[in-house]
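Note sheet for the following structure.
Residue numbers (my numbering): 413 to 822.
And the structure:
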């Protein structure tokens with residue numbers, strides 16, 4: 413604040429009363445103007461710093477779809493959503509689960525990529541998109557997977573389902589078993605293709621779960637989703653996910669379309685170590701599903717960043733254990749802890765560990781004993797289980813007797 417000096421406050425004459433116009437008053441006006449200029453410059457200089465200090469992410473873009481979801485699959489942070497829990501027809505997004513079941517069978521050794529599948533008449537006659545397999549001809553599992561994932565072949569989907577489970581109906585039961593195991597609470601499958609049926613449905617949230625499981629569990633097989641074209645029977649077809657051409661960071665996953673479902677797309681992209689998955693269901697056109705998906709992905713990457721705060725092997729703390737062979741136990745996490753936050757707010761994070769009071773042996777490695785709480789500006793953004801990193805067997809009689817007394821005194 414400007415404080416007049418003694419000189420500027422004094423009159424040119426020594427008589428009491430208001431100062432008449434003169435040099436002293438002109439000096440006062442000059443000082444005030446000088447101070448105002450300095451203050452304005454200071455405000456202007458600080459303005460960018462203030463803007464940098466707190467930069468909340470803007471609202472997500474408007475998306476013309478029946479339902480959509482944008483999520484970081486490492487932190488499970490939802491960045492944008494509409495009707496994410498609403499049951500919708502998935503069309504060929506179904507094939508994400510079909511391929512997931514195949515990937516599980518391959519990983520277990522029950523099915524091999526080199527297996528030859530005899531094409532049934534049912535598979536050959538299945539309507540919709542096709543890879544153009546021929547009845548009573550043998551095709552390898554690998555080629556059928558490429559035909560299903562890249563070309564969205566319904567014929568390939570049915571052939572694979574029959575190879576794994578004997579019939580498409582039995583395979584659909586397998587799909588539902590895996591859906592329950594993965595926590596898909598609003599999903600039910602009746603076929604391997606996504607052809608319309610009143611009892612065939614999923615949600616944007618549920619389809620993200622199976623996509624995430626595919627990426628995590630089968631990173632090598634997931635690469636099939638990034639292949640841009642496939643030739644079978646001398647017929648070359650391009651991947652229907654045109655985002656693979658529009659954005660180099662996109663590496664999957666699947667399109668879908670029926671009259672009832674509209675145009676659907678699940679897309680996954682990775683930029684600077686941050687992986688986002690977007691789902692749009694029920695858009696109006698092929699172009700719309702691409703534009704809306706890219707709009708969501710660009711929003712997420714532009715305004716958010718993901719950090720791994722702690723790794724699964726990190727020892728976060730040690731705490732007292734009563735009644736055990738050891739007096740202390742190391743504590744950590746059962747899985748890596750990621751957070752997704754608005755950009756440039758990393759320094760505003762705070763983490764703490766909350767541990768159960770008077771922890772007693774026996775303890776098993778991996779047993780939950782508390783939680784890690786992460787806050788951004790005082791608001792809790794995630795809680796993760798805090799677990800014992802080693803076993804602590806129960807102590808002998810003498811140890812238990814001593815600890816009983818000490819616990820009473822504590």
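All C-beta atoms, glycine included, are put in the ideal place defined by N, C-alpha and C. None of the values given here were measured: they were computed from a predicted structure.
- For residue 555, the uninterrupted alpha helix (DSSP H) segment begins and ends at 553–561.
- For a cut-off of 8 Å, the C-beta gap from residue 676 to residue 664 is around 14 Å, too long to register as a contact.
- Taking the C-beta atoms as reference points, residue 786 is found no nearer than 8 Å to residue 748.
- Separation of the CB atoms of residue 626 and residue 512 is rounded to 5 Å, and the pair is thereby assigned contact status at 8 Å.
- In this structure the segment 523–541 touches the segment 560–570; the number of beta carbon pairs closer than 8 Å is three or more.
- Annotated three-state conformation of residue 712 is helix, per DSSP.
- Residue 760 and residue 660 have their alpha carbons spaced roughly 32 Å apart.
- Per DSSP, reduced to three states, the secondary structure at residue 531 is coil, with no helix or strand assignment.
- Bridge pairing for residue 654: absent [DSSP].
- In the structure shown, residue 757 falls within a coil segment according to DSSP collapsed to helix, strand and coil.
- The segment 788–796 and the segment 741–755 touch, with no fewer than 3 CB-CB distances between them shorter than 8 Å.
- Here DSSP, grouped into helix, strand and coil, assigns residue 601 to coil.
- Around residue 822, the same chain offers 770 as residues with beta carbons nearer than 8 Å, after the five sequence neighbours per side are excluded.
- Nearest neighbour of residue 502 by Cα position, chosen from 685, 602, 517, 818, turns out to be 602.
- Comparing alpha-carbon positions, the option among 727, 730, 722, 743 lying closest to residue 762 turns out to be 722.
- A contact between stretches requires three or more CB pairs, one per stretch, nearer than 8 Å, and the segment 616–631 meets this requirement with the segment 590–605.
- In this chain, the beta strand (DSSP E) harbouring residue 480 covers 479–484.
- Residue environment analysis places residue 611 among the exposed positions, since fewer than 16 neighbouring C-beta atoms fall within 10 angstroms of its C-beta.
- Per DSSP, reduced to three states, the secondary structure at residue 628 is helical.
- Scanning its chain for C-beta atoms nearer than 8 Å, with the 5 sequence neighbours on each side dropped, one finds around residue 778 the residues 746, 799, 800, in chain order.
- Secondary structure at residue 543: coil, using DSSP grouped into helix, strand and coil.
- Contact between the segment 628–646 and the segment 504–523 is established, with three or more Cβ pairs separated by less than 8 Å.
- A check of alpha carbon separations from residue 479 across 683, 691, 582, 662 identifies 691 as the nearest.
- Per DSSP, the beta-bridge partners of residue 647 are 644.
- Taking 8 Å as the cut-off, the beta carbon of residue 562 is found no closer than this to the beta carbon of residue 495.
- For a cut-off of 8 Å, the C-beta gap from residue 695 to residue 704 is around 6 Å, short enough to register as a contact.
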